Amino acid sequence: MKNSQLYKGSLNTIIMKLLEENGRMYGYEITQKVKEITKGELNITEGALYPALHKLEAEGLLDVEVEKVDNRLRKYYKLTEKGTTETVNRLAELEEFIQNMQTIVNSKLSY
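Printed below as a string of structure tokens:
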């Protein structure tokens, strides 16, 4: 189920959850952490990640810090206070969605 629409619809929540747990991360680090957690089942491309990060930043949910690492500039992303609150809300919504889907999948549909 690699890179399915279900994952794409949850990308912002995945990013926010990782930042909630890790404090701050840079883009490549996020992609590698997701790959590690999902045992390679989910690969987030740069083409999907960076637009999501920019959108979250524009919404006031992320702060960006730039640091020089090995003579290169690296952007670190972290949740704002608003982002921390929104992460809790989105995770609750996701959990409710998963429970509803499990109910539907486990029920016997009659026609």
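Okay, so the sequence shown: first residue is 0 according to numbering that gives the first Met the number 0, each after it adds one. Virtual Cβ for every residue (Gly too), placed ideally from N, Cα, C. This structure is a prediction, so every number in the text was calculated from the model and none was measured.
query, result
"What three-state label does DSSP hand residue 41 in the structure shown?", "coil"
"May I ask which residues mark the beginning and end of the beta strand (DSSP E) holding residue 20?", "Not the beta strand (DSSP E): residue 20 falls in the alpha helix (DSSP H), residues 10 to 21."
"Taking residue 81 and residue 59 to be in contact with their CB atoms under 8 Å, please state how far apart those CB atoms are, rounded to whole angstroms.", "5 Å"
"By how many angstroms is the C-alpha of residue 68 removed from the C-alpha of residue 98?", "43 Å"
"Got a sec, what are the start and stop residues for the alpha helix (DSSP H) residue 92 sits in?", "80 to 105"
"Ignore the nearest five residues each way along the sequence and tell me which others in residue 41's own chain have a CB closer than 6 Å to its CB.", "6, 33"
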